[in-house]
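Read through the structure below, which is laid out as structure tokens, and then see the notes.
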Amino acid sequence: MISISVVSHGQGDLVGGVLADLAGFVDATRFEVILTKNIPERLPFSVEDFPYPVKIVENVAPNGFGANHNAAFRLADGKWFCVMNPDIRLNDNPFPDLLECLADPQIGVAAPLVLGVQGEVEDSARRFPSPLKILCKAWGGCRGSDYAMTDSPTYPDWVGGMFMLFPASVFEKAGGFDERFFLYYEDVDLCARLRLLGHEVILCPSAQVVHHARRSSHRNPRYLRWHFGSMARFFLSPVYWRVLYRKLTARRHAA
């Protein structure tokens with residue numbers, strides 16, 4: 006069974022859409038959904054509307070991205086644990102191909118190819134950031150994707166947190182998300198820690214989802230503060246420096 010964690014920030018309409026999508030795949034895949042209401046809201050659906058169990062968590066106060074999904078994991082019963090944004094839509098069932106990618110025990114997390122609403126490939130698989138690359142992007146350079154997407158699986162440094170599928174045992178071994186990241190960079194950090202544990206990150210292009218991203222938050226000063234704060238936390242963390250050391254050592258050995 007796959008345990009799917011979805012967090013709603015007053016996004017009941019979006020949640021209802023993705024839960025309805027999942028209902029179309031129950032013949033091929035067993036699910037349970039842990040839905041966290043991070044702020045009070047009335048959902049436009051009932052849990053009885055769906056042919057799989059839906060557990061509702063209502064937070065007393067809003068929690069961060071990692072804290073919400075870690076709490077959902079503690080309620081999860083599945084062999085696999087999926088983190089999914091409410092603004093994801095599923096035209097096809099991505100899970101059989103993702104589970105096939107996870108058949109290799111070295112893989113710590115699998116992600117689908119993420120498409121925009123117009124069918125464009127989103128930049129959801131990236132190399133680990135560096136301060137120089139951040140500055141390059143800020144000045145208008147370093148554009149484009151870090152990896153060329155083909156029909157074959159890609160092994161990026163990290164994948165975006167809008168859709169991540171873990172073996173539950175691996176998520177538990179890694180300790181889940183670092184809850185000190187309230188928002189942003191928790192996906193980068195977790196992928197880095199999985200790599201330090203000897204696991205790979207994989208993007209499986211045969212599995213595809215659509216991301217109905219709402220980017221109004223990018224203009225909100227509070228979100229910008231969270232973004233820069235999380236960025237600084239990652240660059241100052243031992244995880245970042247250990248990953249950087251490993252990459253530099255691997256390059257010297259390959260030279």
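All residue numbers for the sequence shown refer to this note's numbering, where the first residue is 6 and numbers rise by one. Beta carbons: idealized from backbone N, C-alpha and C, even for Gly. No experiment lies behind these values; they were computed from the predicted model shown.
- Scanning the segment 69–118 from its first residue to its last, the whole alpha helix (DSSP H) runs of 4-plus residues come out as 70–80, 100–106.
- Restricting attention to alpha helix (DSSP H) runs no shorter than 4 residues, the segment 153–216 encloses them at 173–179, 191–201, ordered along the chain.
- The beta carbon of H14 sits closer than 7 Å to those of N43, I44, all from its chain and outside the five residues before and after it, given in chain order.
- The beta carbon of F239 lies closer than 7 Å to those of Y190, V193, D194, Y245 in the same chain, with the five residues before and after it left out.
- In this chain, S242 is not harboured by any alpha helix (DSSP H), its DSSP state being neither H nor E.
- Between G181 and N75 a beta carbon distance of about 4 Å is seen, short of the 8 Å cut, so the two are scored as contacting.
- The closest CA to that of F133, considering only E177, G29, R198, is found on R198.
- A direct Cα-Cα distance of roughly 15 Å separates R230 from F70.
- The C-alpha of R200 lies about 33 Å from the C-alpha of Q16.
- About 16 Å separates the beta carbons of P101 and D156, which is beyond the 8 Å limit, so they are not a contact pair.
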